[in-house]
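Inspection log for the structure reproduced underneath, given as C-alpha cells.
Number of protein chains: 2
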Amino acid sequence: MHYETLKSLLKKEGYSLTKPRKLVFDLLLNQEPQSMQVLTQRAIGKIDRATVYRTVELFERLGIVRRLNVGWKYKIELSDIFTGHHHHMYCTNCGRMFDLPDSPMLETMIDSVVAKTEFSPRGHQLEIYGLCASCQRLAI
Amino acid sequence: MHYETLKSLLKKEGYSLTKPRKLVFDLLLNQEPQSMQVLTQRAIGKIDRATVYRTVELFERLGIVRRLNVGWKYKIELSDIFTGHHHHMYCTNCGRMFDLPDSPMLETMIDSVVAKTEFSPRGHQLEIYGLCASCQRLAI
DNA sequence: AATAAAATTGCAAATTTGTCGCAATTTAAG
DNA sequence: CTTAAATTGCGACAAATTTGCAATTTTATT
Numbered sequence: 021m022h023y024e025t026l027k028s029l030l031k032k033e034g035y036s037l038t039k040p041r042k043l044v045f046d047l048l049l050n051q052e053p054q055s056m057q058v059l060t061q062r063a064i065g066k067i068d069r070a071t072v073y074r075t076v077e078l079f080e081r082l083g084i085v086r087r088l089n090v091g092w093k094y095k096i097e098l099s100d101i102f103t104g105h106h107h108h109m110y111c112t113n114c115g116r117m118f119d120l121p122d123s124p125m126l127e128t129m130i131d132s133v134v135a136k137t138e139f140s141p142r143g144h145q146l147e148i149y150g151l152c153a154s155c156q157r158l159a160i
Numbered sequence: 021m022h023y024e025t026l027k028s029l030l031k032k033e034g035y036s037l038t039k040p041r042k043l044v045f046d047l048l049l050n051q052e053p054q055s056m057q058v059l060t061q062r063a064i065g066k067i068d069r070a071t072v073y074r075t076v077e078l079f080e081r082l083g084i085v086r087r088l089n090v091g092w093k094y095k096i097e098l099s100d101i102f103t104g105h106h107h108h109m110y111c112t113n114c115g116r117m118f119d120l121p122d123s124p125m126l127e128t129m130i131d132s133v134v135a136k137t138e139f140s141p142r143g144h145q146l147e148i149y150g151l152c153a154s155c156q157r158l159a160i
C-alpha cells in the first residue's frame, strides 16, 4: 500500500519506480532515520553509491523523504506522508532516535510564534537531544 | 567581558585560551551562524583549517558554541551563554538565518512534552524553514 | 626571566563524503 | 518487439573532514 503511494508520487512528476528506488525506499521503511553512511553501506552489492545519493535527492525533492539534522550529520527518514508529522529525540550517547509524542498544541504554538514575523514558513523541525532511558542507566 | 567567560569555560576543563581559539571566537561573536566553509575561509593566513575544526569541536564539547542544523549542512554559533536561548528561521532561498521571537510558553510546552517520556533532555533545537520577507517579494 | 613539561598548532597526507560525465542498461510508449 | 527516453553503474573528481607527527606555544616551576 505504501508502494502505491510511492509510485504515484513518482509518476505524478514523471518518474518511474525502478528497482534501485524501491530498494532505497525499503531501506527506510519502518526504520529509525538512517545516515547516508548506513544507507550506502546497506546498498553495497545491490546499487551504486551514486545512485543512493541521487535517489535520496530525488525523494527529498518530491517530498518522499525528509532530511533530519542530527548532530554533525543528517539522517533520512520517510516523510510525513508515510509516518505522520512528528519530531525526534536524539540520544547523544548511542546515536539512536526516538519519536517525540505528538502534541497538536505544540504545533499550534510554533505556528503562532512564527506568525508574528514576516517569515513564510514551509515547515519546521524540532530536535531534542540528551540521553535515552537506557543510556541514562549506564550513567555516562 | 565575553573573553573572561570564554577563558573561564576553557580553564575549568584544563584548556588555555590561545590565539587561534580567540580568533575562532571572534569570528563567531556578534555574527549570524557561520558555516565551516566561511569560518575556514576567514581563517586563511591566520590559522590552519585543521585548527578551526579542532577548535570548533572543542568549543562544542565545552558548550561554548552550538552546531545548528541547517538544510544539508550545519552552522556554528556561540551558545546560549553568550547569546541567550533562541531559535532560528532559515531562508531556503538566500540561506540567511533569522532569530525567532522568544516565547517562554513555547519553551515550557516543549519541556512538558519531553517530560512525558523517559528521555533526559540536555537541550533542543527548533528550526523553521521557508522564505524570508525579502525572498518572498522576489517571488521565486 | 629562564627552563622544562605539557598542550597546542601547522603541515601534509589520508579518509570520507558527495558530485559528475558518459557509456551501458533498463523502462516506457507505440 | 522496437525505439526513444530515463536511469544506472562506473570511474574519476572535488570538497569536506580527520589524523599523525614534528615544530611551536603556553603553563608551571624555579
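Protein chains in written order, with the numbering used here: chain U, 21 to 160; chain W, 21 to 160. For glycine and all other residues, C-beta sits at the position ideal for the given N, C-alpha and C.
In the pairwise beta carbon analysis, the stretch 45–61 of chain W is classified as not touching the stretch 125–145 of chain U: fewer than three pairs are separated by under 8 Å. With a cutoff of 7 Å on beta-carbon distance, P121(U) and K136(W) are scored as near each other. Judged by DSSP secondary structure, P141(U) falls outside any alpha helix (DSSP H) and instead within the beta strand (DSSP E) spanning 140–151.
Within the DSSP secondary-structure output, H108(U) pairs in a beta bridge with D119(U), E147(U). The C-alpha of V85(W) lies about 16 Å from the C-alpha of V58(W).
Between L146(U) and H144(W) the beta-carbon gap is near 7 Å, inside 8 Å, which marks them as a contact. DSSP, reduced to helix, strand and coil, places Q54(U) within a strand of the structure shown. Taking D68(U) as the centre and dropping the five residues before and after it, the same chain places no C-beta closer than 7 Å to its C-beta.
By the criterion of a C-beta distance shorter than 7 Å, T75(W) is surrounded in its chain by P40, R41, V44, once the five residues flanking it on both sides are discounted. Taking a Cβ-Cβ threshold of 9 Å, none of the residues of chain U is close to N113(W); the smallest such distance is about 10 Å. Excluding the 5 residues flanking it on each side, I101(W) has same chain C-beta neighbours closer than 8 Å at T25, L29, G83, I84, in chain order. The beta-carbon distance between M129(U) and L126(W), rounded to whole angstroms, is 5 Å. This is short enough to meet the 8 Å contact definition.
Within chain U, not a single residue places a beta-carbon under 7 Å from that of S99(W); the smallest gap is close to 13 Å. Taken in chain order, the complete alpha helix (DSSP H) segments of 4 or more residues contained in the stretch 32–78 of chain U are 39–48, 56–63. Under the DSSP assignment, I130(U) falls in the alpha helix (DSSP H) whose first and last residues are 124–135. DSSP, reduced to helix, strand and coil, places L158(W) outside both helices and strands of the structure shown, so it counts as coil. Partner residues in the beta bridge of R86(W), as assigned by DSSP, are E97(W). Across the set K32(U), T38(U), G34(U), Y73(U), the C-alpha of Y73(U) shows the shortest separation from the C-alpha of S55(U). The distance from the Cβ of Y110(U) to that of I148(U) is about 7 Å, consistent with a contact at the 8 Å cut-off.
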